[in-house]
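Visitor: If you read the sequence shown in the working numbering, its first letter stands for residue 1, the second for the next number, and so on.
This is the structure I have questions about; it appears just below.
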Amino acid sequence: MRHLLPFFFALVLTSGQAQLNNWDPSWYATDSALIFHDDLDFYLNAYSKKEIKRMRKQVNVWRMNFDKMMRRTIREVRTYSEGGGMEPRTHDFTLPMAQRDTSYSLSANNGRIRAFMFGSLTNPPARMQVERWARLQEKYAKEDVQLFVVYGREMHPSDKGSFRMYPIPKSETEKIAYAKEFAQLSTLPVLIDGLNDATFDAYGRAPNGAYLVDKDGNLVFRGTWADARKIEHMIDTLLRWYKAGKPKEFKVP
Numbered sequence: 001m002r003h004l005l006p007f008f009f010a011l012v013l014t015s016g017q018a019q020l021n022n023w024d025p026s027w028y029a030t031d032s033a034l035i036f037h038d039d040l041d042f043y044l045n046a047y048s049k050k051e052i053k054r055m056r057k058q059v060n061v062w063r064m065n066f067d068k069m070m071r072r073t074i075r076e077v078r079t080y081s082e083g084g085g086m087e088p089r090t091h092d093f094t095l096p097m098a099q100r101d102t103s104y105s106l107s108a109n110n111g112r113i114r115a116f117m118f119g120s121l122t123n124p125p126a127r128m129q130v131e132r133w134a135r136l137q138e139k140y141a142k143e144d145v146q147l148f149v150v151y152g153r154e155m156h157p158s159d160k161g162s163f164r165m166y167p168i169p170k171s172e173t174e175k176i177a178y179a180k181e182f183a184q185l186s187t188l189p190v191l192i193d194g195l196n197d198a199t200f201d202a203y204g205r206a207p208n209g210a211y212l213v214d215k216d217g218n219l220v221f222r223g224t225w226a227d228a229r230k231i232e233h234m235i236d237t238l239l240r241w242y243k244a245g246k247p248k249e250f251k252v253p
């Protein structure tokens with residue numbers, strides 16, 4: 001199993017621009033949407049060497065090789081990371097919110113661009129990305145844009161350090177408590193997937209998966225590791241496209 005470790009903590013070029021070069025940022029127009037290329041690579045290409053080292057310190061590398069749960073996760077990542085585990089369309093959901101006594105419906109918010117990621121307390125990349133996404137939330141505060149987190153499956157439950165406090169939740173109450181604690185990491189709204197991880201499953205179980213839904217309800221991007229820079233690029237592009245009247249031949253000036 002040792003050869004499987006790199007896809008969680010691969011070291012890559014440290015230049016921010018170079019890290020984006022593995023993904024094609026262009027788009028193509030259909031009759032109803034502006035579609036971006038998926039980025040379902042399982043390598044951590046959104047991070048510097050220093051950041052990856054920091055994340056590695058949060059997890060037990062030995063357990064990643066030999067723990068049954070981690071081996072299951074590795075199998076799922078290999079199966080689903082290329083997108084084969086989900087029907088590539090918007091999957092509607094209505095989920096409770098961690099910060100407020102209310103729920104959020106994806107379809108009820110058509111008319112807005114919606115970007116969301118899956119995260120959890122024991123998911124080091126998600127913990128790092130929420131701060132970056134929160135800055136995007138501030139940037140788009142006056143636009144028809146929503147960014148939020150769906151609290152999903154624990155990636156490294158009962159692992160070393162502070163992660164020892166978070167085993168796999170055995171009840172809805174326990175998962176809600178985890179989500180409420182995660183919500184304190186940033187200002188992003190946090191929705192709570194069910195104990196059966198139905199929403200996580202519907203969207204393909206991608207690790208720290210990120211998804212972009214346009215104002216018309218079309219799923220226009222799906223990717224692993226929730227890279228805020230890619231999300232920003234796509235939201236900026238979509239906003240310009242809508243303001244230009246949704247032309248089929250569209251180029252950013």
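Every residue gets a Cβ at the ideal spot worked out from N, C-alpha and C, and that includes glycine.
What residues in its chain sit with their C-beta under 8 Å from that of Q17, if we drop five residues either side in the sequence?
Guide: Taking the first residue of the sequence shown as position 1, residue 17 is located at position 17. Low local confidence applies: a pLDDT of 40 at Q17 is under 50, so the model's placement there is unreliable, with the coordinate-based value given in what follows. Cβ within range, chain order: n/a, list empty.
Visitor: From this set, I52, Y203, K53, which residue's C-alpha is nearest G152's C-alpha?
Guide: The residue labelled residue 152 in the question sits at position 152 within the sequence shown. Nearest option by C-alpha distance: Y203.
Visitor: With 16 other CB atoms within 10 Å as the buried threshold, where does F8 fall?
Guide: In the sequence shown, counting from the first residue as 1, residue 8 sits at position 8. With a pLDDT of only 46 at F8, under the threshold of 50, the placement of this residue in the model should not be trusted, and no figure is reported.
Visitor: Assuming P157 contacts N208 (C-beta within less than 8 Å), just tell me the rounded distance between them.
Guide: The residue you call residue 157 lines up with position 157 of the sequence shown. The residue you call residue 208 lines up with position 208 of the sequence shown. Incorrect: roughly 15 Å between the Cβ atoms, too far for contact.
Visitor: Would you kindly check if the distance between the Cβ of L147 and the Cβ of F116 is under 9 Å?
Guide: Within the sequence shown, the letter at position 116 stands for residue 116. Within the sequence shown, the letter at position 147 stands for residue 147. Closer than 9 Å, so yes.
Visitor: Look up Y203 in the DSSP assignment and say whether it is helix, strand or coil.
Guide: Here residue 203 corresponds to residue number 203 of the sequence shown, with the count starting at 1. Note: Y203 maps to coil in three-state DSSP.
Visitor: When DSSP labels each residue in this structure, what does S162 get in the three-state scheme?
Guide: As a position in the sequence shown, residue 162 is number 162, starting the count at 1. S162 falls in the helix class under three-state DSSP.
Visitor: So the alpha helix (DSSP H) Y178 belongs to, where does it begin and stop?
Guide: Translated into positions along the sequence shown, residue 178 becomes position 178. Counting along the chain, the alpha helix (DSSP H) containing Y178 begins and ends at 172 to 183.
Visitor: Helix, strand or coil: which one does DSSP assign to I235?
Guide: Counting from one through the sequence shown, the residue named residue 235 turns up at place 235. Residue state, collapsed to three classes: helix.
Visitor: Please give the ranges of any beta strand (DSSP E) in the region 116 to 163, keeping only runs that are unbroken, at least 3 residues long and fully inside the region.
Guide: Listed in chain order, the complete beta strand (DSSP E) runs (minimum 3 residues) inside the region 116 to 163 are 145 to 151.
Visitor: For M55, does the three-state DSSP call read helix, strand or coil?
Guide: Taking the sequence shown and counting its residues from 1, the one referred to as residue 55 is at position 55. The answer is helix: DSSP assigns M55 an H, G or I state.
Visitor: So for R114, helix, strand or coil by DSSP?
Guide: Along the sequence shown, one-based indexing puts residue 114 at 114. Of the three classes helix, strand and coil, the one that applies to R114 here is strand, per DSSP.
Visitor: Once DSSP output is grouped into helix, strand and coil, what is the label at R222?
Guide: Here residue 222 corresponds to residue number 222 of the sequence shown, with the count starting at 1. Looking at R222 - three-state DSSP - the assignment turns out to be strand.
Visitor: Please determine, among K180, R89, A183, the residue with the shortest C-alpha to C-alpha distance to Y211.
Guide: Sequence index remark: in the sequence shown, residue 211 carries index 211 (1-based). The candidate whose alpha carbon is nearest that of Y211 is R89.
Visitor: So, helix, strand or coil for Y211, using DSSP?
Guide: Here residue 211 is taken as the residue at index 211 of the sequence shown, counted from 1. Three-state result, Y211: strand.
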